[in-house]
Amino acid sequence: MGSLDGNALAGVMHHLFGRDMTTMAYTCTSCGRTGVMAEMVVYMSGPGAVARCRNCDTILLMLTERHGMYCVDMSGTTQIPAPLKGD
Ligand SMILES: [Zn+2]
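Number 143 in my numbering belongs to position 14 of the sequence shown; there are no gaps in the numbering.
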């Protein structure tokens, strides 16, 4: 399977964060590229999803699910989603 863009993660990320995350801003920890999640290069062929930087191929985000529990690793970005208002 080839790569997709960050919109491929829109549904599950909305489920986890309670809002549209495709417009979430990020900065790549490796090359400093800034963008939004929709621009990430996403691979869905492994046991989870991996989102890479469009500029340098660094892993920005990994998402796995096992038995209904999700693990989101966003260590490739220097920005994380702001909490929802009211949280
Ligand atoms: Zn990068």
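Heads up, the beta-carbon is just placed ideally off N, CA and C, and yes, glycines get one too.
Considering only C-alpha positions, which residue in the set the options is nearest to residue i?
i	options	result
residue 133	146, 203, 183	183
residue 161	187, 202, 196, 201	187
residue 200	207, 191, 158	191
Need the endpoints of the alpha helix (DSSP H) that residue i sits in, please.
i	result
residue 138	Segment: none, residue 138 is in no alpha helix (DSSP H) and carries neither H nor E.
Ignore the nearest five residues each way along the sequence and tell me which others in residue i's own chain have a CB closer than 8 Å to its CB.
i	result
residue 176	193
residue 213	Residue confidence for residue 213 is low, a pLDDT of 49 falling below 50, so the modelled location carries little weight; the figure read from the coordinates is stated next. Contacts found: 146, 147, 148.
Please list, in chain order, all residues of the same chain as residue i whose beta carbon is under 6 Å from its beta carbon, the five residues on each side excluded.
i	result
residue 163	156
residue 139	151
residue 205	158, 187, 188, 189
For review: beta carbons within less than 6 Å of any heavy atom in ligand 2: Of the ligands one can find in the structure shown, namely ligand 1, none is ligand 2.
Start-end ranges of the alpha helix (DSSP H) lying completely within the region 156 to 198, minimum 4 residues: Runs found: none.
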